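Student: Once you know that position 74 of the sequence shown is 74 in the UniProt record's numbering, the rest is easy, because the numbers rise by one and skip nothing.
Ideal Cβ positions, reconstructed from N, Cα and C, are used throughout, including at glycine.
Keep in mind it's a predicted model, so treat the numbers as computed, not measured.
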Amino acid sequence: MNVLEAFVLGALQGLTDVLPVSASGHRAFVGQAFFGEESYSPDLLGALNLATALAVLLALRGEVVEILRSLRSGRGPGRRVSLLVAAAVTPAAVILYTFREAASGVYDNLFAVGVLLLVSGLLLYIGEELGKRTRPLESLSPPGAILVGLLQTLAVLPGISRPGAAICGAMLAGITREGAARFALLLSVPLLSATGLWRLFYLESVESPDAKALILSCLTALVCGYAAARLLLVLAREFSMMIYAYYLWTAGVAVILYAAMFG
1 MNVLEAFVLG ALQGLTDVLP VSASGHRAFV GQAFFGEESY SPDLLGALNL
51 ATALAVLLAL RGEVVEILRS LRSGRGPGRR VSLLVAAAVT PAAVILYTFR
101 EAASGVYDNL FAVGVLLLVS GLLLYIGEEL GKRTRPLESL SPPGAILVGL
151 LQTLAVLPGI SRPGAAICGA MLAGITREGA ARFALLLSVP LLSATGLWRL
201 FYLESVESPD AKALILSCLT ALVCGYAAAR LLLVLAREFS MMIYAYYLWT
251 AGVAVILYAA MFG
């Protein structure tokens, strides 16, 4: 992996793991169309997951500190948010881990990936059209949090955005766009951390990336992930999630056309 490849892969992973545009869909397309599937070794991908989790943690550091204080004192809105995160993460983690192998074959089918990118955009459209989006995150009910967690499990399919599914679920439960974006980011910290550790310690890499390239890629993912997290929150205050839906639909059509011509 050369310097340019390390930079591009780190930037791509940092941005798409945070924004609701599907990291897995981009990884499948870029891996096959440009760098080769071997570019994303388990070691590299695991390290990038951890770098992105740290980026989100830094972007939400104020809220995370408040949650930790609430847990210590046993009261405050942060305690409720932590319980909602646990309610959403638990079913998502169990189901994503259980069915990870069943969906792995889809990565090789770019036509299917393109279709799933279209579906991912549709989820955001549904959240915008059917969600009332009037309540703060702290008012989300435990069943609503579980719904968000279950929707996230769709991300086992490459092309479905995990944060996009989480945002859709939260908006359907009546949470504001900003609250839904915050919740999706909070959920990404434990899920990305667990995924990264699993890839690093339980999957074997045929060839580990060069140390310098790995560091560059992780630093790029850290910076891009932080910027993406802040951008997601800012845009959620001012704009509809349809901006991501339009992007996903455009990307989906592009991947389908590429698959038809070169697949």
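Between Val81 and Met261, what straight-line distance do the alpha-carbon atoms span, to the nearest angstrom?
Tutor: If you take the alpha carbons of Val81 and Met261, they lie about 47 Å apart.
Student: Could you pull out every residue in the same chain whose Cβ sits closer than 7 Å to the Cβ of Ala33, ignoring the five residues on either side in sequence?
Tutor: Cβ neighbours of Ala33 beyond the five flanking positions: Tyr258.
Student: Please report the distance separating the alpha-carbon of Leu45 from that of Gly196.
Tutor: Going from the Cα of Leu45 to the Cα of Gly196 covers about 7 Å.
Student: When you compare only the Cα positions, how much space is there between Ala11 and Arg75?
Tutor: Answer to the nearest angstrom: the Cα atoms are 39 Å apart.
Student: Contact check, Gln13 vs Ala221 under 8 Å by CB: the rounded distance?
Tutor: Right, their Cβ atoms sit about 5 Å apart.
Student: Report all residues from its chain with a CB closer than 8 Å to the CB of Gly78; omit the five preceding and five following residues, and keep chain order.
Tutor: Result list for Gly78: Glu63, Glu66, Ile67, Leu68, Arg69, Ser70 and Leu71, in chain order.
Student: So Asn49 is in the alpha helix (DSSP H); what residue range does that whole segment cover?
Tutor: First-last of the alpha helix (DSSP H) with Asn49: Pro42 to Ala59.
Student: Tell me the rounded alpha-carbon separation between Val255 and Val148.
Tutor: Approximately 27 Å between the Cα atoms of the pair.
Student: When DSSP builds the beta bridges, which residues end up paired with Ile175?
Tutor: Arg135, per the DSSP bridge assignment.
Student: Alpha carbon to alpha carbon, how far is Val223 from Tyr107? Give it in angstroms, no decimals.
Tutor: Going from the Cα of Tyr107 to the Cα of Val223 covers about 27 Å.
Student: Just to confirm the assignment, what range does the alpha helix (DSSP H) spanning Thr98 have?
Tutor: Pro77 to Thr98 is the extent of the alpha helix (DSSP H) around Thr98.
Student: Need the endpoints of the alpha helix (DSSP H) that Glu101 sits in, please.
Tutor: Note, Glu101: premise wrong, no alpha helix (DSSP H); not H, not E.
Student: For the 8 Å Cβ check, are there 3 or more pairs between the region 169 to 187 and the region 128 to 144?
Tutor: The answer is yes - the region 128 to 144 touches the region 169 to 187, with three or more Cβ pairs under 8 Å.
Student: Just to confirm, is the Cβ distance from Ile146 to Ala184 under 8 Å?
Tutor: No, they are not a contact pair.
Student: Excluding the 5 residues flanking Ser240 on each side, which residues of the same chain have their C-beta closer than 7 Å to its C-beta?
Tutor: Same-chain partners within the cutoff: Glu128.
Student: Use the C-beta contact count for Arg27: other C-beta atoms within 10 angstroms, 16 or more gives buried, fewer gives exposed.
Tutor: Buried.
Student: Any beta carbon from chain D within less than 8 Å of Gln13's own beta carbon?
Tutor: Chain labels in this structure do not include chain D; a single protein chain is all it has.
Student: If we ignore side chains and look at the alpha-carbon of each, how far apart do Gln152 and Val8 end up?
Tutor: Approximately 26 Å between the Cα atoms of the pair.
Student: Does DSSP put Val18 in a helix, a strand or coil?
Tutor: It is coil, neither helix nor strand.
Student: Measure the Cβ-Cβ separation of Ala165 and Leu172 and say whether it is below 8 Å.
Tutor: Contact: no.
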